[in-house]
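Position one of the sequence shown corresponds to residue 2 (the working numbering), numbered consecutively onward. All C-beta atoms in this analysis are idealised placements derived from N, C-alpha and C, irrespective of residue type, glycine included. Let me begin by presenting the structure, written as structure tokens, before commenting on it.
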Amino acid sequence: MNLEPIPTDRLTFRLPQTFEDVADERRHRQERLVAALRLFGRFGFEEGVAGHITARDPEHPDHFWVNPFGMSFKHIRVSDLILVNHEGQVVHGSYHVNQAAFAIHSMVHQARPEVVAAAHSHSVHGKALSSLGVMLEPLTQDACAFYEDHGLFDDYTGVVVDVEEGRRIARALGSHKAVILRNHGLLTVGDSVDAAAWWFITMERSCQAQLLAKAAGPTVPIEHEQAKLTHGQVGNDLVGWINFQPLYDQIVRSDPDLFD
């Protein structure tokens with residue numbers, strides 16, 4: 002056996018794809034969107050008809066693809082996705098849009114043109130932490146991805162069906178990757194579907210870790226300078242994309258019908 006070091010340029014390392022054809026890019030975003038939704042279903046992020054992930058269309062940036070209203074995350078296929086315009090009207094597909102999805106996501110996409118995807122669901126630990134009206138603390142390495150990089154929408158006025166409420170949420174999000182919606186749940190964004198979905202998954206887990214740690218006793222937060230350093234290491238969208246890839250591989254292997 003040859004034990005000479007293998008040059009790094011001969012080792013496999015995946016990076017985000019680039020596209021010359023808009024149809025290929027659209028299909029790619031749709032497949033990643035459905036994979037993310039299936040994963041949300043697998044992780045138990047569903048709560049009835051609540052929850053949605055959106056992906057901006059690469060050809061029509063004021064339109065976004067989203068899961069249909071009332072369809073289980075666990076069953077969604079690419080052919081089920083709907084395309085919604087800036088007025089909340091379905092322009093492609095056979096199902097209704099969740100009005101909360103339009104009210105929130107349309108304003109987020111409008112306020113953040115660099116954002117490709119946004120994810121929101123009523124996950125258990127996100128809901129629990131949101132009820133405290135507090136932010137994520139830098140208690141773990143993973144939570145540092147959100148250090149000084151998430152907002153708090155410190156209000157609750159019922160189910161979000163008004164675009165003005167969506168604008169207020171977008172303002173609370175600001176330039177960050179995530180926002181905690183008080184008494185409601187979490188919202189994350191990214192420059193890819195992969196990144197937005199990963200930020201939601203790891204933020205939910207960080208909420209769980211914070212709740213467990215606080216219940217167990219006094220905590221020891223990571224100091225400011227180290228938390229900032231760690232954010233720089235683990236908090237950018239490329240890192241989010243990379244972290245999503247093993248989950249994408251899992252769901253594609255176990256649920257090949259998602260591409261139908």
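Span of the beta strand (DSSP E), counted from its first residue to its last, around residue i
| i | result |
| --- | --- |
| Ala179 | 179-182 |
| Leu187 | 186-191 |
| Arg57 | 53-57 |
| Gly152 | 151-154 |
| His93 | 91-93 |
| Ala119 | 118-122 |
| Leu4 | Run containing Leu4: none; DSSP gives neither H nor E here. |
| Val50 | Segment: none, Val50 is in no beta strand (DSSP E) and carries neither H nor E. |
| Phe103 | Note, Phe103: premise wrong, no beta strand (DSSP E); alpha helix (DSSP H) at 100-112. |
| Val85 | 83-85 |
| Phe65 | 65-67 |
Neighbour-count burial assignment, residue i, 16 or more Cβ in a 10 Å radius
| i | result |
| --- | --- |
| Val35 | buried |
| Asn3 | exposed |
| Tyr249 | buried |
| Asp256 | buried |
| Gln31 | buried |
| Gln211 | buried |
| Val1 | Nothing in the structure corresponds to residue 1, since the chain is present only between 2 and 261. |
| Asp155 | exposed |
| Leu174 | buried |
| Asp238 | buried |
| Arg254 | exposed |
| Arg11 | exposed |
| Val116 | buried |
| Ala228 | buried |
| Val160 | exposed |
| Thr13 | exposed |
Test item: CB-CB of residue i and residue j under 7 Å
| i | j | result |
| --- | --- | --- |
| Phe15 | Ile252 | Looking at the sequence provided, one finds Arg at residue 15 rather than Phe. No; because the gap between Cβ atoms is not below 7 Å, this pair is not in contact. |
| Glu53 | Ala102 | According to the sequence provided, residue 53 is His. The question's Glu does not apply to it. Yes; because the gap between Cβ atoms is below 7 Å, this pair is in contact. |
| Ala198 | Ala51 | no |
| Phe65 | Arg78 | no |
| Glu138 | Pro8 | no |
| Ser124 | Phe46 | yes |
| Val98 | Glu60 | no |
| Thr55 | Ala119 | yes |
| Lys75 | Gly42 | yes |
| Ala112 | Ala171 | yes |
Integer-rounded CB distance, given that residue j should sit under 8 Å from residue i
| i | j | result |
| --- | --- | --- |
| Ala214 | Leu140 | 6 Å |
| Thr189 | Phe201 | 4 Å |
| Leu187 | Gly127 | 4 Å |
| Arg183 | Tyr157 | 5 Å |
| His185 | Ser122 | Going by Cβ atoms, the distance from His185 to Ser122 rounds to 10 Å, so no, they are not a contact pair. |
| Asp63 | His87 | 4 Å |
Range covered by the alpha helix (DSSP H) that runs through residue i
| i | result |
| --- | --- |
| Ser207 | 194-217 |
| Val253 | 238-255 |
| His29 | 23-43 |
| Thr231 | 225-235 |
| Leu130 | 125-131 |
| Ala173 | 164-174 |
Is it the case that the region 188-198 contacts the region 237-244, given that we only count it when at least three CB pairs across the two stretches are under 8 Å? yes
Using 8 Å as the threshold, is the region 163-171 in touch with the region 103-110, meaning 3 or more CB pairs across them? yes
Just checking, does the region 207-222 make contact with the region 129-147 on the three C-beta pairs under 8 Å criterion? yes
Any 3 or more C-beta pairs closer than 8 Å across the region 56-70 and the region 79-93: yes
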